[in-house]
């Protein structure tokens, strides 16, 4: 099983299950200044904890969502929803991502065809979940977890509240366990 499987179980409100019984000093990712802190992404072995600690979606979550949404098919298309690409990005999400990029002062504008490009799809995913993860934190005072991010991706900005997103989260957890 994947080292991220524990992140799919219920955790106490304050700490994820992987931190039970551990002090911060002996955690696998603790360091005053980790070697990867100035790089674009943390090493895969610590991405579940990185998500919890910093409030950004983990690489493991990205791969699980891509597996759930399209099985990694960059050409996937859902005619019913108009969702396109490996992350199954809808037009309304694309518009929202462009709005978020503008709010953040980024000099980027994504086009509809970018949804089928893996690098652009990942950047859209990061922008969308980063923005709405911050909204979640402002509203609840809690750092978003992979569960919160997955449910937002599935159910929109308030997807973390919707019971209809729980089955999606269960499937994403299964994908994380088998990754």
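Residue numbers (our numbering): 17 to 195.
We treat Cβ as the ideally placed atom computed from N, Cα and C, and that holds for glycine.
It should be emphasised that the depicted structure is a prediction, and the values quoted were computed from it without experimental measurement.
*Write down the C-beta distance between residue 127 and residue 101 rounded to the nearest angstrom, noting that I regard them as a contact closer than 8 Å.*
Locating residue 127 in the chain shown gives position 111, where the first residue counts as 1. Locating residue 101 in the chain shown gives position 85, where the first residue counts as 1. Not a contact, Cβ separation roughly 12 Å.
*residue 86 burial status per 10 Å Cβ neighbour count (16 or more: buried)*: Within the chain shown, residue 86 is the residue found at index 70, counting from 1. With a 10 Å radius around the Cβ and a threshold of 16 neighbouring Cβ atoms, residue 86 comes out buried.
*For residue 107, count neighbouring C-beta atoms within 10 Å of its own C-beta (all shown protein chains included) and say buried if the count is 16 or more, exposed if not.*
Stepping through the chain shown from its first residue, residue 107 is reached at position 91. Label assigned to residue 107: exposed.
*Considering only the beta carbon of each residue, do residue 134 and residue 188 sit closer than 7 Å?*
Start at 1 with the first residue of the chain shown, and residue 134 comes out as number 118. Start at 1 with the first residue of the chain shown, and residue 188 comes out as number 172. Contact: no.
*Does the beta-carbon distance from residue 83 to residue 191 come in below 7 Å?*
Within the chain shown, residue 83 is the residue found at index 67, counting from 1. Within the chain shown, residue 191 is the residue found at index 175, counting from 1. Judged by beta-carbon spacing, residue 191 lies within the 7 Å limit of residue 83, meaning their Cβ atoms are closer than that value.
*Hey, quick one: how far does the alpha helix (DSSP H) through residue 105 stretch, first residue to last?*
What you label residue 105 is simply residue 89 of the chain shown in a count that begins at 1. It is not in any alpha helix (DSSP H) - residue 105 carries neither H nor E in the DSSP assignment.
_Close Cβ partners of residue 142 (< 8 Å) along its chain, the five nearest in sequence each way excluded_ = Within the chain shown, the letter at position 126 stands for residue 142. Hits under 8 Å: 72, 73.
*Using beta-carbon positions only, say whether residue 167 and residue 175 come within less than 7 Å of one another.*
For the purposes of this step, residue 167 is taken as residue 151 along the chain shown, with counting starting at 1. For the purposes of this step, residue 175 is taken as residue 159 along the chain shown, with counting starting at 1. For residue 167 and residue 175, yes; Cβs fall inside 7 Å.
*From the DSSP output, read off the bridge partner residues of residue 100.*
Stepping through the chain shown from its first residue, residue 100 is reached at position 84. In DSSP, residue 100 forms a bridge with 93, 105.
_Close-in-space but distant-in-sequence residues of the same chain around residue 41 (CB under 6 Å, 5 per side omitted)_ = The residue you call residue 41 lines up with position 25 of the chain shown. Per-residue confidence for residue 41 stands at a pLDDT of 39, beneath the threshold of 50, marking its modelled position as unreliable; the derived number appears in the next sentence. Nothing listed; no residue qualifies.
*Beta-carbon gap between residue 12 and residue 185 smaller than 7 Å*: Residue 12 cannot be examined here, being either before or after the span of the chain that is shown, 17 to 195.
*Mind checking which residues open and close the alpha helix (DSSP H) that includes residue 75?*
Counting from one through the chain shown, the residue named residue 75 turns up at place 59. Per DSSP, residue 75 belongs to the alpha helix (DSSP H) from 75-86.
*How close, in whole Å, do the beta carbons of residue 171 and residue 161 come, if the pair is a contact with beta carbons under 8 Å?*
Indexing the chain shown from 1 puts residue 171 at position 155. Indexing the chain shown from 1 puts residue 161 at position 145. Not confirmed; about 15 Å, so no contact.
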